[in-house]
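First to last, the protein sequences are chains Z and W.
The first sequence runs 3 to 163 under our numbering.
The second sequence runs 654 to 965 under our numbering.
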Amino acid sequence: MSWLALVRGIGLFLLLVVLHYTVRPLLGMRVTADFLVIAVLVTAVQVRPGVAAVIGLLTGVISDSLTPLSFGAGALALSTVGFSASWLKAAVFGDNVLLQAIFIAAGKWAFDVLYLVAERRLSFAELAVQLAFWSPLSGLATGLAGLVVVALFRRSAERTR
Amino acid sequence: MARATRSGTRADAVVLAGCVVLSLLVTILPAPLRQSVAGAVRETFVGPLIRLQAQFERARGAFIERDLSAARLDSLVLRNADLTDMVRENDRLRALLGLGARVRSAFVPAEALHRPEMGEAHTVIVTAGHEDGVVERSAVVAPEGLVGTVIGTEASTSTAMLWTHPDFRVSAMSADGSAFGIIGPHLADAPARFLLELRGIPFRDSLPAGMAVVSSGLGSVFPRGIPIGTVLEELETGEGWSRTYLVRPMVMPADVTIVMVLLPMTERNDLSAVWSSPASADSARQAIRRGADSLAAPAGGPPVTPGSRPPP
Chain Z
3 MSWLALVRGI
13 GLFLLLVVLH
23 YTVRPLLGMR
33 VTADFLVIAV
43 LVTAVQVRPG
53 VAAVIGLLTG
63 VISDSLTPLS
73 FGAGALALST
83 VGFSASWLKA
93 AVFGDNVLLQ
103 AIFIAAGKWA
113 FDVLYLVAER
123 RLSFAELAVQ
133 LAFWSPLSGL
143 ATGLAGLVVV
153 ALFRRSAERT
163 R
Chain W
654 MARATRSGTR
664 ADAVVLAGCV
674 VLSLLVTILP
684 APLRQSVAGA
694 VRETFVGPLI
704 RLQAQFERAR
714 GAFIERDLSA
724 ARLDSLVLRN
734 ADLTDMVREN
744 DRLRALLGLG
754 ARVRSAFVPA
764 EALHRPEMGE
774 AHTVIVTAGH
784 EDGVVERSAV
794 VAPEGLVGTV
804 IGTEASTSTA
814 MLWTHPDFRV
824 SAMSADGSAF
834 GIIGPHLADA
844 PARFLLELRG
854 IPFRDSLPAG
864 MAVVSSGLGS
874 VFPRGIPIGT
884 VLEELETGEG
894 WSRTYLVRPM
904 VMPADVTIVM
914 VLLPMTERND
924 LSAVWSSPAS
934 ADSARQAIRR
944 GADSLAAPAG
954 GPPVTPGSRP
964 PP
């Protein structure tokens, strides 16, 4: 990985983290794109699985600091999702745009599953509704947003090449 | 080559295992320790992000209220200049005689930062901390009534437990002072989950539907007289010695963006008069709105105290 690619990757990651704390409160909706998951997934496919797990852990700690009663759940979910994404990248993350969107949406849904189970707050019925209804919608929104991010990132990378 | 790949994969697996174990350890830490670790992260790395989030939530609030403000402006334009002056004068007098004068202890206006989509919904981050005088167990209120209590403070932020939290309790009484009990969340499935339960009302006392319930001031955590909700109906609990009532809350936490943190009481412990009349409730609302405006001023200013007007 060249220095330019590294700097661009870090810049994109930070931009997505900032978007997470600006766009979402601005929309204030229950179903919105999860830019932290996109940041971890997009970074994970560029690095080794172990590094992706650590990035997921740190991102999760940042996210969890706003929800102290479930502190650790986001870190667990994001490190696992980051590791899995990095491990699966060769199999899934190619040039196919649709596959990329599905990959990001699935990553968001997997994050929700791990997060909500680790958090142990919802009852079984609430968990089922969340995972069967709200999480897929969030996954869809995250997948679409991720698609835009990846497309823009690729275009800028090709331009500077 | 193959051996190097295998050892690399093993190292990755070890790192993942380390991350998972660390995360799980954090989730089972005692709550105060978790709170302090989260607070430290929040005050250092996440501080700028929280400030950004607060600004964007304020922008959203302004956008939502834009139409309302425009409608109000249109109505005002229709009035003549004298009437407008009188309204302004009235507003000023109300503000002077309102919450700021009635609440003897100081209060701090702050914003409540929610996490809208999923996960923990029983706490919010409040953008005022111990630098502003906020201490643990300070009451958090909105113009309509009780929101929750502070469970952890950092320099510039605090964590507030909302009344929806399963551990939330407040000593309460009927508005006429005839019956006392303990209020807690109604732990049922949604949508009844967003109701409260008033427990421990002596069997000889019965409360009619629609009776207002306020904090009783017993226990010295919540001042007396903060509106909590109104009685809906009696619940069948099987307890022969006391009654339990279902209570509709005055405040839905999800709708609250601007709150007021009451600082430790110094002179009196009764806020009944603050919410007792429409005029004072209106003043409370205006005081909180002014407080919200003052949040735009540079951080670190002194808390709003009675008699002092927040910066415009």
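Glycine included, every Cβ here is placed at the ideal spot set by N, Cα and C.
Can the beta-carbon of residue i be found less than 8 Å from the beta-carbon of residue j?
i                      : j                      : result
residue 798 of chain W : residue 903 of chain W : yes
residue 139 of chain Z : residue 129 of chain Z : no
residue 806 of chain W : residue 788 of chain W : yes
residue 58 of chain Z  : residue 83 of chain Z  : yes
residue 971 of chain W : residue 900 of chain W : Residue numbering for chain W in the displayed model covers 654 to 965; residue 971 of chain W lies beyond these limits and cannot be assessed.
residue 714 of chain W : residue 897 of chain W : no
residue 776 of chain W : residue 840 of chain W : no
residue 881 of chain W : residue 849 of chain W : yes
residue 866 of chain W : residue 879 of chain W : no
residue 811 of chain W : residue 856 of chain W : no
residue 710 of chain W : residue 784 of chain W : no
residue 842 of chain W : residue 125 of chain Z : yes
residue 141 of chain Z : residue 110 of chain Z : yes
residue 669 of chain W : residue 113 of chain Z : no
residue 706 of chain W : residue 766 of chain W : yes
residue 107 of chain Z : residue 144 of chain Z : yes
residue 877 of chain W : residue 908 of chain W : no
residue 28 of chain Z  : residue 712 of chain W : yes
residue 88 of chain Z  : residue 49 of chain Z  : yes
residue 761 of chain W : residue 786 of chain W : yes
Where does the unbroken beta strand (DSSP E) through residue i begin, and where does it stop?
i                      : result
residue 802 of chain W : 798-806
residue 833 of chain W : 833-838
residue 760 of chain W : 760-766
residue 853 of chain W : 849-855
residue 812 of chain W : 811-815
residue 794 of chain W : 792-795
residue 689 of chain W : Run containing residue 689 of chain W: none in the beta strand (DSSP E); it sits in the alpha helix (DSSP H), 684-697.
residue 778 of chain W : 776-779
residue 825 of chain W : 823-827
residue 867 of chain W : 865-868
Under 8 Å by Cβ, that's how I've got residue i and residue j pegged, so tell me the actual separation to the nearest angstrom.
i                      : j                      : result
residue 803 of chain W : residue 793 of chain W : 6 Å
residue 825 of chain W : residue 914 of chain W : The pair is not a contact, with the Cβ atoms about 20 Å apart (cut-off 8 Å).
residue 832 of chain W : residue 854 of chain W : 5 Å
residue 694 of chain W : residue 63 of chain Z  : 6 Å
residue 36 of chain Z  : residue 691 of chain W : About 20 Å separates the two Cβ atoms, so there is no contact after all.
residue 973 of chain W : residue 813 of chain W : Given that chain W is displayed from residue 654 to residue 965, the structure contains no residue 973 of chain W and the question cannot be resolved.
residue 774 of chain W : residue 817 of chain W : 7 Å
How far does the alpha helix (DSSP H) with residue i in it extend, from its first residue to its last?
i                      : result
residue 722 of chain W : 719-731
residue 841 of chain W : Taken as a continuous stretch (DSSP letters only), residue 841 of chain W belongs to no alpha helix (DSSP H), as it is neither H nor E.
residue 65 of chain Z  : 51-66
residue 1 of chain Z   : Outside the shown range of chain Z, which is 3 to 163, sits residue 1 of chain Z, and nothing can be said about it.
residue 11 of chain Z  : 5-29
Taking 8 Å as the threshold (beta carbon to beta carbon), is residue i in contact with chain B?
i                     : result
residue 39 of chain Z : Protein chains Z and W are contained in the structure displayed, whereas chain B is not.
Practice task
Evaluate contact between the region 34-45 of chain Z and the region 7-20 of chain Z, counting only Cβ atoms and requiring at least three cross-stretch pairs below 8 Å.
Solution key: yes
Practice task
May I ask you to verify whether the region 853-863 of chain W touches the region 881-896 of chain W, counting CB pairs closer than 8 Å and requiring at least 3?
Solution key: yes
Practice task
Write down every uninterrupted run of the beta strand (DSSP E) in the region 886-918 of chain W whose length is 3 residues or greater and which is fully enclosed by it, in chain order.
Solution key: 895-902 and 911-915
Practice task
Mind listing, in chain order, the continuous alpha helix (DSSP H) runs of no fewer than 4 residues lying wholly within the region 73-138 of chain Z?
Solution key: 75-94, 99-121 and 126-131
Handout entry: Validate contact between the region 145-157 of chain Z and the region 51-65 of chain Z using beta carbons, cut 8 Å, 3 pairs
Key = no
Problem - the region 103-117 of chain Z in contact with the region 72-79 of chain Z per 3-pair CB rule at 8 Å - result: yes
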